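To convert a position in the sequence shown, counted from 1, into our numbering, add 2.
The beta-carbon is built from N, C-alpha and C at its ideal position, and this holds for glycine as well.
All values reported here derive from a predicted model rather than from experimental measurement.
So the structure is just underneath, and the comments pick up after that.
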Amino acid sequence: MRTQRQVVDYSLQKRAVLRELLAGRVGTYDVCDASPYLKNAARFHGEPTDQRCPICRSENLTHVHYIYGDELKQSAGQARTVAELPVLAMTLREFQVFVVEVCLGCDWNHLVEQYLLGRDGLAEDGPDQGAASGTAASAASVGRRRREAQR
3 MRTQRQVVDY SLQKRAVLRE LLAGRVGTYD VCDASPYLKN AARFHGEPTD QRCPICRSEN
63 LTHVHYIYGD ELKQSAGQAR TVAELPVLAM TLREFQVFVV EVCLGCDWNH LVEQYLLGRD
123 GLAEDGPDQG AASGTAASAA SVGRRRREAQ R
């Protein structure tokens with residue numbers, strides 16, 4: 003997504019939780035505790051993935067995208083599909099997206115990543131304008147060096 007920024011990836015934390023589970027320091031009931039609301043959000047708003055559940059290995063994981071932000075008002079905290087996010091990103095200044103992976107079979111869930119979306123991420127001057135100003139600055143410095151060399 004074009005305006006995605008300040009991405010935080012939680013894959014290392016996920017690996018640590020799975021390592022604790024395999025070592026027996028954490029029980030399956032501690033990590034497989036998806037709420038009924040999260041499971042319903044996964045069913046109706048989730049995006050299926052090709053990744054197998056790391057716990058039961060029988061179901062594919064589903065990603066649920068939750069949105070939060072001041073401009074969202076009463077819509078904050080709702081699950082949205084991936085297709086809705088670019089539309090929201092062009093209409094709102096800034097909002098946060100939290101991606102949660104859920105297994106509908108064994109109730110495994112874990113925060114995958116979080117990031118910001120919105121119009122504030124769009125640069126005021128596009129890449130062509132930045133290149134043009136950089137070219138003008140380099141031409142000015144070349145002209146200055148020529149004048150200094152002629153003295």
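{"Query": "Residues bridged to P50 (per DSSP)", "Result": "T64"}
{"Query": "Integer Cβ distance of Q80 from F100, believed to fall under 8 Å", "Result": "So it is not a contact: roughly 11 Å between Cβ atoms."}
{"Query": "Residues sharing a beta bridge with Q6, DSSP", "Result": "Answer is none; Q6 lacks a bridge partner."}
{"Query": "Residue from L20, Y12 and Q6 with nearest C-alpha to G29", "Result": "L20"}
{"Query": "From C34, R7, A78 and D122, residue whose alpha carbon lies closest to that of D109", "Result": "C34"}
{"Query": "Bounding residues of the beta strand (DSSP E) (the contiguous stretch that carries Y12)", "Result": "Where Y12 is concerned, there is no enclosing beta strand (DSSP E), given that its DSSP letter is neither H nor E."}
{"Query": "Per-residue burial, T64 [other beta carbons within 10 Å of its own, 16 or more giving buried]", "Result": "buried"}
{"Query": "Endpoints, the alpha helix (DSSP H) within which V87 is located", "Result": "Position check: residue 87 holds Leu in this sequence, whereas Val was assumed. Note, L87: alpha helix (DSSP H), E86 to T93."}
{"Query": "Per DSSP, the bridge partner or partners of L2", "Result": "The first residue shown for the chain is 3 and the last is 153, placing residue 2 beyond what the model contains."}
{"Query": "CB-CB length for R17 against H47, believed under 8 Å", "Result": "At roughly 27 Å, the Cβ-Cβ gap does not stay under 8 Å, so R17 and H47 are not in contact."}
{"Query": "Counted within 10 angstroms of its Cβ, other Cβ atoms place V104 as buried (16 or more) or exposed", "Result": "buried"}
{"Query": "Rounded straight-line distance, which links the Cα of L87 to that of R59", "Result": "29 Å"}
{"Query": "According to DSSP, residues forming a beta bridge with N111", "Result": "V104"}
{"Query": "Alpha carbon of M92 to alpha carbon of P56, nearest angstrom", "Result": "35 Å"}
{"Query": "Own chain partners of V84 with C-beta closer than 7 Å, once the 5 adjacent residues on each side are dropped", "Result": "E49 and H67"}
{"Query": "Proximal residues to E61 (C-beta, below 8 Å), its chain only, five neighbours per side dropped", "Result": "R54, C55, C105, L106, G107 and C108"}
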